[in-house]
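Everything on this sheet refers to the single structure shown next.
Residue numbers (my numbering), protein chains in the order written: chain A, 1 to 406; chain B, 1 to 406.
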């Protein structure tokens with residue numbers, strides 16, 4: 001019998017009817033002869049509702065208490081799902097993160113899993129139970145409840161699949177797979193049958209929200225294949241797995257985009273050692289992530305320093321950078337929030353030349369000006385005007401023939 | 001420093017404002033120089049809402065899963081109360097039943113506390129924390145969550161007070177004390193300063209809903225004084241404690257009543273051994289509690305058997321009794337749902353005669369017919385017509401001079 005770990009997101013268990021729908025899917029997997037472990041998120045907006053309630057009590061939330069509060073959302077969903085399975089005549093049991101042996105450090109609200117001791121999970125599977133585990137949570141050495149932060153339930157599912165040596169981790173939400181680009185932006189987007197961990201990581205980091213990078217990294221580390229599919233239909237999803245195929249195929253696999261981009265330029269900076277650190281260390285200390293950094297060639301020891309941050313962090317970044325710019329004698333400090341990022345991604349690119357040239361040429365022919373460029377081995381990213389992102393996606397999708405099956 | 005255990009009911013923490021109100025009361029107790037442990041119930045109707053949600057999933061609820069589900073209600077309230085205390089600048093920590101060391105048997109939905117290991121509670125108190133414990137719940141040897149059933153949070157509070165050797169367990173709800181009789185029935189009812197455990201037990205068993213008998217029994221067993229008071233005002237409450245005073249005083253302490261009473265009479269039963277068992281064993285097996293039982297003197301080996309059940313269980317009881325009555329050759333089987341119970345209670349009664357006579361005489365003068373009578377050492381109960389219960393309460397309150405201070 002194969003062991004399958006399934007994970008259902010909050011939108012899949014948002015009400016009693018949807019929970020019963022999920023239970024029917026689980027039963028089907030069970031009746032196909034599999035041992036099944038299910039990780040579940042909190043119902044619909046439960047987590048947001050609990051946070052709102054907490055803010056009605058006090059403005060400054062203690063993270064230990066908040067973690068205990070939020071962990072109840074997943075516990076509620078897991079018990080209801082177990083009850084739904086009982087109602088359909090199938091033995092099932094819900095376990096909290098603690099009971100499932102999810103041990104974490106004590107960094108409340110963003111805890112990391114230190115190890116998993118799945119004895120209880122295995123014992124319940126051996127009794128013939130379908131095991132429902134409350135996602136997003138774990139327990140410290142001191143028996144205090146923690147939550148795993150963003151992507152927490154995905155992480156629980158992949159980590160459990162690794163610990164149990166499951167054959168696959170199936171992740172169900174309202175998204176039915178990974179597309180060549182965002183279908184809301186371009187109707188010609190095509191769903192991929194499979195994608196490598198590396199490609200997926202670049203996709204999520206550069207604008208795809210389909211799955212959290214933590215879960216993908218963990219899947220890659222332990223070699224757990226992750227299926228991304230919808231809980232609302234039976235369309236085939238996308239399997240995230242090891243580098244897919246050695247055969248010749250389309251080298252660009254997807255186009256990611258991100259509209260949450262702003263650019264800051266410190267103009268006329270005296271170019272001497274330590275200047276970059278004097279700007280970027282305070283930004284890091286203020287919790288602001290700096291993405292692309294470009295420094296122009298120095299003319300008469302004067303240079304311009306340009307970097308990007310998330311649009312939502314622009315105001316904060318400017319308030320840190322302005323006084324520094326003044327103190328180091330820079331001419332001025334300007335920003336532009338109307339930018340977007342567009343990336344082509346594919347493991348095939350790393351050993352084949354010409355992709356960058358084709359990307360720049362395509363954008364140029366579409367009259368799209370490139371402001372900044374960054375690359376990794378399997379990704380090329382251009383920063384362009386926000387209003388032109390959609391045109392860029394469509395032009396690149398056509399140029400790299402992503403409509404065509406691999 | 002004295003150690004005080006406080007317990008706040010669901011109506012006292014029904015919303016964010018009420019939680020902050022409770023936090024202010026706790027702070028006051030803390031600032032008077034006490035160590036404080038607080039047991040809290042789920043907010044308002046949370047428990048009922050969760051049960052309703054479960055019934056939307058399936059009709060037959062698994063009690064293990066239901067217990068986990070319901071336990072989240074108290075956890076939510078405990079974290080919010082801890083946050084409210086933080087917001088007021090006071091160190092506090094919430095603990096689940098499991099973390100507080102409340103060990104129980106595994107009788108889900110009605111678990112009994114087997115022992116308490118309050119190491120964590122003591123450690124947190126020693127750190128200067130106000131400790132908030134989620135009521136109503138515990139954990140089995142197998143680390144499974146249980147709930148304690150009716151009166152669960154009261155029981156948690158008194159049991160913790162016993163384990164911690166607290167000087168008092170203060171129980172706060174929307175009721176501000178124990179009255180000589182129900183003030184909604186008779187405006188002349190007077191609040192008692194104190195009452196003995198035994199008297200309180202008879203009061204709650206015979207119609208007072210102010211506190212659950214389990215908590216009172218536990219208080220008596222471990223000698224924990226229990227204060228019953230309101231969380232919405234500062235009126236003095238009623239202290240439940242050891243037999244109060246050796247001085248002469250009013251011997252009747254209170255009048256309890258209960259309208260949920262029905263009577264079944266099996267008429268013309270052949271009087272031979274085993275007949276009673278043939279009726280009452282199947283009733284017990286059907287989960288129906290039989291209260292008063294009266295068997296008339298037998299005439300020519302034919303007798304009538306009369307007993308009372310809760311009105312809500314009358315239909316169920318009749319469906320059990322009718323076929324039995326037929327099979328044992330009884331003449332007929334009749335019932336009356338329009339009955340009430342009225343009880344006078346007081347430890348002073350046990351060594352002084354004349355109370356029963358005075359009760360019967362008072363009811364007779366008020367033209368109230370007594371249908372059945374039962375007694376304990378400190379209680380006399382009459383079953384009368386439901387419509388006359390209010391008149392009976394007022395007549396007895398006057399006759400035994402309960403308006404007068406002790």
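We treat Cβ as the ideally placed atom computed from N, Cα and C, and that holds for glycine. Predicted model, so just to flag it, every value in this text is computed and none were measured.
What is the rounded straight-line gap between the Cα of residue 297 (chain A) and the Cα of residue 83 (chain B)?
-> In the first chain, residue 297 (chain A) corresponds to position 297, counting from 1. In the second chain, residue 83 (chain B) corresponds to position 83, counting from 1. In this model, residue 297 (chain A) and residue 83 (chain B) are separated by some 53 Å (Cα to Cα).
Alpha helix (DSSP H) runs contained entirely in the region 43–86 of chain A, provided each spans 4 or more residues | The region 43–86 of chain A contains these whole alpha helix (DSSP H) runs: 46–57.
Helix or strand or just coil, what does DSSP make of residue 91 (chain A)?
-> Position 91 of the first chain, counted from the start, is the residue given in the question as residue 91 (chain A). Three-state DSSP puts residue 91 (chain A) in coil, outside helix and strand.
Name the chain A residues whose beta carbon is nearer than 8 Å to that of residue 127 (chain B)?
-> As a position in the second chain, residue 127 (chain B) is number 127, starting the count at 1. Chain A residues near residue 127 (chain B): none, gap ~13 Å exceeds 8 Å.
Is residue 57 (chain B) close to chain A, meaning its C-beta is less than 8 Å from at least one C-beta of that chain?
-> Indexing the second chain from 1 puts residue 57 (chain B) at position 57. Yes, because at least one Cβ of chain A sits closer than 8 Å to the Cβ of residue 57 (chain B).
Do you know whose CA, among B:344, B:380, B:353, B:148, lies nearest residue 407 (chain B)'s CA?
-> As shown, chain B starts at 1 and ends at 406. That puts residue 407 (chain B) outside it, with no answer to give.
In chain order, what residues of the same chain have a beta carbon less than 6 Å from the beta carbon of residue 330 (chain A), not counting five sequence neighbours either side?
-> Residue 330 (chain A) sits at position 330 when you count from the first residue of the first chain. Closer than 6 Å at the Cβ level, and outside the excluded window around residue 330 (chain A), lie 266, 268, 269.
Local conformation of residue 222 (chain B) per DSSP, three classes | As a first step, residue 222 (chain B) is located in the second chain; it is residue number 222 there, counting from the start. It is helical.
Please list the residues of the region 71–95 of chain B that have a C-beta atom closer than 7 Å to any C-beta atom in chain A, keeping them in chain order.
-> If you check each beta-carbon in the region 71–95 of chain B against every beta-carbon of chain A, the ones closer than 7 Å belong to 72, 75, 76, 79, 80, 82, 83, 84, 86, 87, 94.
Going by beta carbon distance, what residues of the same chain come within less than 8 Å of residue 64 (chain A), once the five residues before and after it are set aside?
-> The count along the first chain starts at 1 and reaches residue 64 (chain A) at position 64. Cβ within range, chain order: 108, 144.
Got a sec: which bits of the region 141–164 of chain B sit with their beta carbon under 7 Å from any beta carbon on chain A, in order along the chain?
-> 143
Would you kindly check if the distance between the Cβ of residue 85 (chain A) and the Cβ of residue 130 (chain A) is under 8 Å?
-> In the first chain, the residue the question calls residue 130 (chain A) occupies position 130. In the first chain, the residue the question calls residue 85 (chain A) occupies position 85. Yes, Cβ-Cβ distance for residue 130 (chain A) and residue 85 (chain A) is below 8 Å.
Measuring only between beta-carbons, confirm whether residue 51 (chain A) sits less than 8 Å from chain B.
-> The count along the first chain starts at 1 and reaches residue 51 (chain A) at position 51. False, the Cβ-Cβ gap to chain B never drops below 8 Å.
Which whole-angstrom value is the C-beta distance of residue 132 (chain B) and residue 75 (chain B), which I expect to be below 8 Å?
-> Within the second chain, the letter at position 132 stands for residue 132 (chain B). Within the second chain, the letter at position 75 stands for residue 75 (chain B). Contact doesn't hold; Cβ gap of about 10 Å is too wide.
Assigned secondary structure, residue 330 (chain B) (DSSP; H/G/I helix, E/B strand, else coil) | Taking the second chain and counting its residues from 1, one reaches residue 330 (chain B) at position 330. In the structure shown, residue 330 (chain B) sits in coil (DSSP, three-state: anything other than H, G, I, E or B).
Give a yes or no on whether 8 Å exceeds the smallest Cβ distance from residue 16 (chain A) to chain B.
-> Along the first chain, one-based indexing puts residue 16 (chain A) at 16. Yes, because at least one Cβ of chain B sits closer than 8 Å to the Cβ of residue 16 (chain A).
Whose CA, out of B:219, B:147, B:368, lies closest to the CA of residue 171 (chain B)?
-> Position 171 of the second chain, counted from the start, is the residue given in the question as residue 171 (chain B). Nearest of B:219, B:147, B:368 to residue 171 (chain B), Cα basis: B:219.
Quick one: what does DSSP say residue 173 (chain B) is sitting in, helix, strand or coil?
-> As a first step, residue 173 (chain B) must be located in the second chain, where it is residue number 173. Residue 173 (chain B) falls in the strand class under three-state DSSP.
Check each candidate in B:262, B:255, B:306, B:42 and name the one with the smallest Cα separation from residue 276 (chain B).
-> Along the second chain, one-based indexing puts residue 276 (chain B) at 276. Checking every option, the nearest Cα to that of residue 276 (chain B) belongs to B:306.
Where does residue 360 (chain A) sit, in a helix, a strand or coil, going by DSSP?
-> Locating residue 360 (chain A) in the first chain gives position 360, where the first residue counts as 1. Looking at residue 360 (chain A) - three-state DSSP - the assignment turns out to be helix.
Residue 154 (chain A), DSSP secondary structure in three states = In the first chain, residue 154 (chain A) corresponds to position 154, counting from 1. DSSP places residue 154 (chain A) in helix when its eight states are reduced to three.
Specify the secondary structure class of residue 206 (chain B) as computed by DSSP and reduced to three states.
-> Mapped onto the second chain, residue 206 (chain B) falls at position 206. Correct three-state label for residue 206 (chain B): coil.
So what does DSSP say about residue 15 (chain A), is it helix, strand or coil?
-> Here residue 15 (chain A) is taken as the residue at index 15 of the first chain, counted from 1. The answer is coil: DSSP assigns residue 15 (chain A) none of H, G, I, E or B.
State the start and end residues of the unbroken beta strand (DSSP E) segment that holds residue 270 (chain B).
-> Counting from 1 along the second chain, the entry for residue 270 (chain B) is found at position 270. Looking at the DSSP string, the run of the beta strand (DSSP E) that includes residue 270 (chain B) is 254–270.
List, in order along the chain, the chain A residues whose C-beta lies closer than 8 Å to that of residue 61 (chain B)?
-> To locate residue 61 (chain B), count along the second chain from 1; it is residue 61. Going along chain A in sequence order, the residues near residue 61 (chain B) (Cβ under 8 Å) are 83.
Which bits of chain B does residue 99 (chain A) rub up against, with CB to CB less than 7 Å?
-> Residue mapping note: residue 99 (chain A) aligns to position 99 of the first chain, counting from 1. Under the 7 Å cutoff, chain B gives 143.
If contact means a Cβ-Cβ distance below 8 Å, which residues of the region 18–49 of chain B contact chain D?
-> Absent from the structure: chain D. Protein chains present are A and B.
On the three-state DSSP scale, how would you describe residue 126 (chain B)?
-> As a working note, residue 126 (chain B) is residue 126 in the second chain. Residue state, collapsed to three classes: helix.
Express the C-alpha separation of residue 325 (chain A) and residue 283 (chain A) in angstroms, rounding to a whole number.
-> Mapped onto the first chain, residue 283 (chain A) falls at position 283. Mapped onto the first chain, residue 325 (chain A) falls at position 325. Straight-line Cα distance between these residues: approximately 13 Å.
Taking Cβ positions only, does residue 117 (chain B) come closer than 8 Å to chain A?
-> Position 117 of the second chain holds residue 117 (chain B). When Cβ-Cβ separations below 8 Å define contact, residue 117 (chain B) makes no contact with chain A.
Given 8 Å, three or more beta-carbon pairs between the region 281–295 of chain B and the region 306–320 of chain B = yes
Chain-order list of residues whose beta-carbon lies under 8 Å from that of residue 183 (chain A) (same chain, five-residue window excluded) | In the first chain, the residue the question calls residue 183 (chain A) occupies position 183. The answer, listed in chain order, is 189.
Evaluate contact between the region 227–243 of chain B and the region 193–206 of chain B, counting only Cβ atoms and requiring at least three cross-stretch pairs below 8 Å.
-> Short answer: they touch.
Report yes if the CB atom of residue 4 (chain B) is closer than 8 Å to the CB atom of residue 29 (chain B), and no otherwise.
-> Your numbering for residue 4 (chain B) matches position 4 in the second chain. Your numbering for residue 29 (chain B) matches position 29 in the second chain. Taking 8 Å as the Cβ cut-off, residue 4 (chain B) and residue 29 (chain B) qualify as a contacting pair.
Rounded distance between the beta-carbons of residue 226 (chain B) and residue 163 (chain B), thought under 8 Å = The sequence position of residue 163 (chain B) within the second chain is 163, counting from 1. The sequence position of residue 226 (chain B) within the second chain is 226, counting from 1. Actually they are not in contact, since the Cβ atoms of residue 163 (chain B) and residue 226 (chain B) sit about 15 Å apart, beyond 8 Å.
Could you give the DSSP three-state label for residue 385 (chain A): helix, strand or coil?
-> Residue numbering aside, residue 385 (chain A) sits at position 385 when the first chain is read from its first letter. Residue 385 (chain A) falls in the strand class under three-state DSSP.
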